[in-house]
Each structure stands twice: as structure tokens, then as C-alpha cells.
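Count along the sequence shown from 1, add 15, and you get the number used in this note's numbering.
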Amino acid sequence: MNSGSTAPFTKMVTLSTKVNCFLRLFGVHLAKLARQVASFSTRRIVHTREDEGYCSQQGFNADETGLFWKRMSSRTFITKEEEKLPGHKAMKDRLTLMFSSNASGDLEIKPLLVYQSENPRIFKKNNVIKSKLPVHWKSNQKVWVTQVIFNKWILETFAPAVKKFLLEKELPLKALLILDNAPSHSKDLEEILQDNYPFIKVQYLPPNTTFILQPMDQQVIANFKKLYTRALFNKVFEECEFGGDNMTARKFWKEKFDVLMAIRLIQKAWEKVSQRTLISAWKMLVTSWTQEEAVVDDTEVMKEIITVAQRLELEVEEEDVEELI
């Protein structure tokens, strides 16, 4: 439809019109976002880093993500069979994780994990001591990171780990934690930290900049999820090959895979996130903390996932892995 047309508006809008409208709209928002980013980076992070003397080992970011720990690609026979069962929920079993590391990538904090049950059956069966898990275990029926849960993780896990790290590295006792404006992130966090950890300062990213500035969102979480998927597929293959009792992928999924096993895979995947990946995540926020252009390449991880899936006779292609991410 050209600009001079008097024809009535119809539902048939051409693709080019949609694209042009999107680009115009996106262009406006992008320009506005760029101004916000530049203003924030210059006035806040750079100012704090240079004037107060923070180095990359003292700069931290934390962010949360949901993980459907038992979900498979929708095209696999396991998922198709599961969908036929009345009230099927297992494949969508969800938990929430909070990840954090410093900008130098040499300190990965124990992740916060929020699950729907405080004491899953498998914990009772194995006499699990939650304080010894490789995650900071908390529960919430809606699997949300609430302010109470977040603050406990900060005080009981994050802050002690940061203090221990700084002392061991003989660095000045000061740290900068950068957060987005999620409702769970208390605006009075510095006040909460004041009694025991006054050396930790908190800064919040401005609205609508998280996707471009937040370090954990710059491929770190996506990389973790691919590494988790690889670890999971390798575990299934290992069980099928050496587990005995005529173990199959279907049987493993239905009878053996539980949240305790998922926690071990989460630990393995988080440990496999490379220092290079963690460093490169800061390139949009504090460029001087990323001394080289570090590109996160998940190609090999993706190939391994697909190769193992094929050995398990699962219909999995690259787009199916992306679906899981």
C-alpha cells in the first residue's frame, strides 16, 4: 500500500510493511537505549571503577534463569510418550538458578537453586544434607527468587565467598555487585550488608538495558544451558551403556533421573563455563575489564550434544537444542 492510497485498511499487511514498521520502531528504541547505555556506562560504572579503584576481580554480577531440568526436545519419542500420559508434568519440572561470578572469571559463586519442594523424596531417601550441596538450596511453591531468598543467598553464600576470595588474593577488601532491577533485588541491599559486609557496594542497571549490559545475559547463561544439556545426554548414554538392568533412555528418564542427579549435572556444567566466557561477558559494560576480544564458541558443545543424541536414537538437531535453551 503506497502513501497516497485511499483504500480501506485490511488485515492483509505485506511483510515488507511489517518489517519497515518494526525497523522504524526498533531504530527509535535502539537510539534511546544507546543513549541510556552510554550515559550509564560513563557516569556510573566507569566513574566507580576508576575513581574508587575497583579491578576486574572485585566486580561481580548476578542474574537468575529458569531451567526445565527434565525437559527433552518436543520431537523425541520420550516427550511424545510423556504427552500421552494424563496430567503429564515431569518433562516441564522447573527450577530457578541464580548465577554469579566476578569480571576476571576466577571466582564462580555457588549458585542459588529454588525448587518447588523443600525436601524432595530423593533427599530423604539419600539423607541429603542440604548445606553440603553444590548449590544454595531454597524452596518456593512458584519457584520464584523472592527478596527473602535472594537476601539469604547474598548473606550466607555470596558475601562470605567474596570476602574469602579477596583475602586469599590479598586484594583490598572492597567489591562492586551489579544487579538488574528485578523485584527480588532489594533496593536496601547495601544496608542489609552493612553489619557484616560493608565493603560490598551495589549498583543497579537502568531499565531496559539488561539484555545488552547484564554480563550473565551475554552468553554465560546460554552457554551453561548447553553445557548442562551435554552433561545430561552424556549421563543418559553412560547409564544406557554401563547401567545394567537393560537400561534404556526411556527407562532412565522415567525411573532414575531425579533432581539430585540434576544438581550434580548443574554443578558440572557451571564448572565447565570457561574463564574466557565469563570475562567476555563484561565487554558491553566495562570494556577495560575485557583485555581481548573473547568470542564464545559453542559449536563443539553443540556437535557433542547432537552426536550423543544420535547414539541414543533421539531425534535431535541444532534447532532442538536451541529449543531446550
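In this text, a Cβ means the ideal position worked out from N, Cα and C, and glycines have one as well.
Check: Contacting residues, own chain, Cβ-Cβ under 6 Å from F267 (five flanking each side not counted); Outcome: V251, E254
Check: Exposure of F92, with buried meaning 16 or more beta-carbon neighbours within 10 Å; Outcome: Residue placement at F92 cannot be trusted, given a pLDDT of 45 that sits under 50; what the coordinates show is reported in the next sentence. Looking at its Cβ environment, which holds fewer than 16 other Cβ atoms inside 10 Å, F92 is exposed.
Check: Beta-carbon spacing of L181, L192 below 9 Å; Outcome: no
Check: Residue environment, S132, which counts as buried when at least 16 other CB atoms sit within 10 Å; Outcome: exposed
Check: Strand pairing of W268, partner residues [DSSP]; Outcome: None, per the DSSP bridge assignment.
Check: Alpha-carbon to alpha-carbon, T225 and A284; Outcome: 24 Å
Check: Boundaries of the beta strand (DSSP E) in which M299 is found, first to last residue; Outcome: Taken as a continuous stretch (DSSP letters only), M299 belongs to no beta strand (DSSP E), as it is neither H nor E.
Check: Neighbourhood of Q233 by C-beta, 6 Å cutoff - its chain only, sequence neighbours within 5 removed; Outcome: A296
Check: Reduced DSSP secondary structure (H/G/I, E/B, other) of T263; Outcome: coil
Check: DSSP-derived helix/strand/coil call for K153; Outcome: strand
Check: For L194 and A118, believed in contact at Cβ under 8 Å, the rounded distance; Outcome: Wrong, their Cβ atoms sit about 14 Å apart, outside the cutoff.
Check: Rounded C-alpha distance that separates I281 from Q209; Outcome: 32 Å
Check: Limits of the alpha helix (DSSP H) - the one that M276 falls within; Outcome: 274-287
Check: Closest by C-alpha distance to H200, when choosing among E123, T302, V163; Outcome: V163
Check: Complete alpha helix (DSSP H) runs within the segment 123-186 (minimum length 4 residues, chain order); Outcome: 136-140, 162-168, 174-183
Check: M317, enclosing alpha helix (DSSP H) - first and last residue; Outcome: 314-326
Check: Burial state of R86 (16 or more Cβ within 10 Å); Outcome: buried
Check: Cβ contact check for the segment 118-129 and the segment 138-152: 3 or more pairs under 8 Å; Outcome: yes
Check: Alpha carbon of A53 to alpha carbon of Q325, nearest angstrom; Outcome: With a pLDDT of 45 at A53, under the threshold of 50, the modelled position of this residue cannot be trusted; read the value that follows with caution. Distance between the alpha carbons of A53 and Q325: 46 Å.
Check: As assigned by DSSP and simplified to three states, the class of V219; Outcome: Reading off the sequence, residue 219 comes out as Tyr, not Val. Y219 falls in the strand class under three-state DSSP.
Check: F214 - containing beta strand (DSSP E), residue span; Outcome: It is not in any beta strand (DSSP E) - F214 carries neither H nor E in the DSSP assignment.
Check: Cβ shell of G81 (< 6 Å), same chain only, five flanking positions each side left out; Outcome: R109, T111
Check: Contact belief for V336 with T263 at Cβ below 8 Å, rounded distance in angstroms; Outcome: So it is not a contact: roughly 21 Å between Cβ atoms.
Check: Nearest residue (CA-CA) to W84, options I236, F272, I321, T302; Outcome: F272
Check: Distance CB(L275)-CB(V158) smaller than 9 Å; Outcome: no
Check: Range of the contiguous beta strand (DSSP E) that encloses L82; Outcome: 74-83
Check: Where T292 falls, given that 16 or more other Cβ within 10 Å makes a residue buried; Outcome: buried
Check: Nonlocal neighbours in the same chain, by C-beta distance under 8 Å from E171, ignoring five residues either side; Outcome: H151
Check: Exposure of G68, with buried meaning 16 or more beta-carbon neighbours within 10 Å; Outcome: exposed
Check: K287 versus R265: straight-line alpha-carbon distance, rounded; Outcome: 27 Å
Check: Residue environment, K241, which counts as buried when at least 16 other CB atoms sit within 10 Å; Outcome: buried
Check: Beta-bridge pairing of R345 - partner residues as DSSP gives them; Outcome: Given a span of 16 to 340 for the chain in the structure shown, any question on residue 345 remains unanswerable.
Check: Among L329, E328, T305, P213, nearest to G120 - alpha-carbon criterion; Outcome: T305
Check: Opening and closing residue of the alpha helix (DSSP H) in which A190 lies; Outcome: It is not in any alpha helix (DSSP H) - A190 instead sits in the beta strand (DSSP E) that spans 190-194.
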